[in-house]
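Only one structure is covered here, and it is reproduced in the block below.
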Amino acid sequence: MGNRKCVIMAGGSGQRFWPVSRPERPKQFLRLADPEKSLLQQAVERAEAIAGAGNFVVQTTPGLVIPSRRELPELSHEQVDSEPIQRNTMGAILWAVARLISQSEDNWRGIEMAVLTADHRIEPLDGFLKTVDDAFVMAREHKAIVTIGIEPSRPDTGFGYIEVGQEVAPGYMVKRFREKPNRDTAVGFLKQGGFLWNSGMFFWTLDTFDRSLEQADQSLHMALHRIVQALRADNHAEAVAIFSEIGNDPVDIALVEHSRSVAVVKAQFDWDDLGTWDSINRSLPSDDSENVGIGRLRAVESNGNVIYNEVDGMRVNLLGVEDMVMVVTEDEILLCPRDRSQDVRRLT
Numbered sequence: 016m017g018n019r020k021c022v023i024m025a026g027g028s029g030q031r032f033w034p035v036s037r038p039e040r041p042k043q044f045l046r047l048a049d050p051e052k053s054l055l056q057q058a059v060e061r062a063e064a065i066a067g068a069g070n071f072v073v074q075t076t077p078g079l080v081i082p083s084r085r086e087l088p089e090l091s092h093e094q095v096d097s098e099p100i101q102r103n104t105m106g107a108i109l110w111a112v113a114r115l116i117s118q119s120e121d122n123w124r125g126i127e128m129a130v131l132t133a134d135h136r137i138e139p140l141d142g143f144l145k146t147v148d149d150a151f152v153m154a155r156e157h158k159a160i161v162t163i164g165i166e167p168s169r170p171d172t173g174f175g176y177i178e179v180g181q182e183v184a185p186g187y188m189v190k191r192f193r194e195k196p197n198r199d200t201a202v203g204f205l206k207q208g209g210f211l212w213n214s215g216m217f218f219w220t221l222d223t224f225d226r227s228l229e230q231a232d233q234s235l236h237m238a239l240h241r242i243v244q245a246l247r248a249d250n251h252a253e254a255v256a257i258f259s260e261i262g263n264d265p266v267d268i269a270l271v272e273h274s275r276s277v278a279v280v281k282a283q284f285d286w287d288d289l290g291t292w293d294s295i296n297r298s299l300p301s302d303d304s305e306n307v308g309i310g311r312l313r314a315v316e317s318n319g320n321v322i323y324n325e326v327d328g329m330r331v332n333l334l335g336v337e338d339m340v341m342v343v344t345e346d347e348i349l350l351c352p353r354d355r356s357q358d359v360r361r362l363t
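Take 16 as the starting number for the sequence shown in our numbering and just add one per residue.
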């Protein structure tokens with residue numbers, strides 16, 4: 016564990032969880048999978064279990080640093096950071112890696128790094144940790160960039176897919192990544208077999224990251240090491256100036272898809288990417304009529320509804336309602352069919 020570091024990616028806006036999710040209070044601050052803990056707090060618990068206290072950083076956006084520190088008062092200010100300018104996930108990871116290398120001695124290449132997200136439902140923890148151990152075995156022994164793949168339970172069009180290649184214990188080499196498909200294509204993936212959902216989590220040694228980045232984009236690789244030099248010289252302004260020149264690409268496109276060695280391990284845990292109000296129907300217990308709710312509510316002759324009520328002095332009452340989403344906040348109410356929950360961001 017002493018050689019492991021984690022980065023929690025916590026910069027999303029979560030517009031599809033409006034009206035509870037707002038720019039100053041995005042999805043990772045919500046209690047969607049556990050009434051007692053936010054998604055971000057749960058992600059921190061997982062990072063601590065992987066790397067130990069003090070060996071991880073919450074990487075958010077500039078405008079969310081202060082709210083994130085309030086949400087995580089037990090962490091030092093250095094553990095809640097942001098890239099100076101938003102440059103998508105590649106930029107966020109590059110900045111985190113640059114800080115990590117700048118704070119390390121010449122032995123930084125052997126550090127094992129996990130890139131986690133702050134908006135997943137993951138349980139149980141022991142199954143997750145077993146999977147992470149497998150991922151680091153693949154990362155070390157095969158000098159690979161490794162991700163976690165989820166056995167698909169339905170033809171979901173909201174996730175990217177991984178086509179599995181040759182088995183190399185304890186995982187598989189990745190044949191190719193597939194973008195979010197339409198429904199017919201997703202159905203075909205499940206019928207054919209050999210496809211996994213892409214969890215968006217990554218594992219590597221810093222040596223593999225460095226070599227893969229050099230192969231993928233030499234200018235980006237050069238920028239990384241120039242930023243490291245500037246940070247070591249305590250020249251933050253120079254580091255920011257260099258960072259501002261990089262592109263605005265996701266890590267999948269900028270790095271992973273160019274790597275010569277990408278592997279996947281299968282998840283030994285239950286997983287969901289909580290992306291819409293409809294998705295929390297899969298993460299919380301339901302009543303006998305398959306209604307799922309948080310807060311004060313009563314449902315009579317109503318089936319398959321998702322209710323989120325954060326107003327303590329109000330009770331939501333349903334009568335004869337089916338397959339709807341109802342969200343109640345102090346200043347907004349949302350009502351929509353569950354199958355339209357992907358479109359909620361149109362209201363933001």
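Backbone N, C-alpha and C fix where the C-beta goes; we use that ideal spot for every residue, glycine too.
Residue of the options minimising C-alpha distance to residue i
i	options	result
Q233	G262, A159, H251	G262
N70	H273, R61, P167	R61
A6	E345, I116, I100, E63	As shown, the chain starts at 16 and ends at 363. That puts residue 6 outside it, with no answer to give.
S53	I126, R136, L144	R136
V331	E337, D338, Y323	Y323
D267	E63, N213, A150	N213
S259	S298, S317, L109	L109
I23	S97, N296, V35	S97
I348	S28, A254, P34	P34
R155	V326, L131, F224	F224
H92	V72, S304, D171	V72
G106	I116, R124, F44, T76	T76
V326	L312, R355, D49, I65	L312
N318	L299, I309, D338, Q43	D338
D249	A58, A64, A68, R114	R114
T146	L289, S301, I65	I65
E86	D346, E63, L55, M188	L55
V336	S304, R355, R361	S304
R46	D346, R361, I309, T363	I309
Buried/exposed call for residue i, threshold 16 Cβ in 10 Å
i	result
M216	buried
V183	exposed
V112	buried
K206	exposed
G26	buried
P196	buried
M153	buried
S168	exposed
E51	exposed
M329	exposed
V315	exposed
D287	buried
G29	buried
D121	exposed
Coil, strand or helix - residue i by DSSP
i	result
N296	helix
T132	strand
L205	helix
A252	helix
S214	strand
R22	Here residue 22 turns out to be Val, not Arg, going by the sequence shown. Strand.
R102	coil
F71	strand
A107	helix
P181	With the sequence shown as reference, residue 181 is identified as Gln, and Pro is not the correct amino acid for it. Three-state result, Q181: strand.
A282	coil
F192	strand
W33	coil
V321	strand
R313	strand
V326	coil
V126	Position check: residue 126 holds Ile in this sequence, whereas Val was assumed. Note: I126 maps to coil in three-state DSSP.
Beta carbon of residue i nearer than 9 Å to that of residue j
i	j	result
R353	V321	yes
E194	G175	yes
G351	V343	In the sequence on display, residue 351 carries Cys and not Gly. Not closer than 9 Å, so no.
P185	F284	no
R31	V359	yes
G164	V279	yes
R19	E89	no
A159	W219	yes
I257	A238	yes
H236	L246	no
C21	V130	yes
N306	L333	yes
V364	T162	The question about residue 364 has no answer, for the chain in this structure spans 16 to 363.
A282	E178	no
D222	G125	yes
A48	S298	yes
G208	G290	no
Task: Cβ contact (3+ pairs, closer than 8 Å) linking the stretch 240-258 and the stretch 77-91 - done: no
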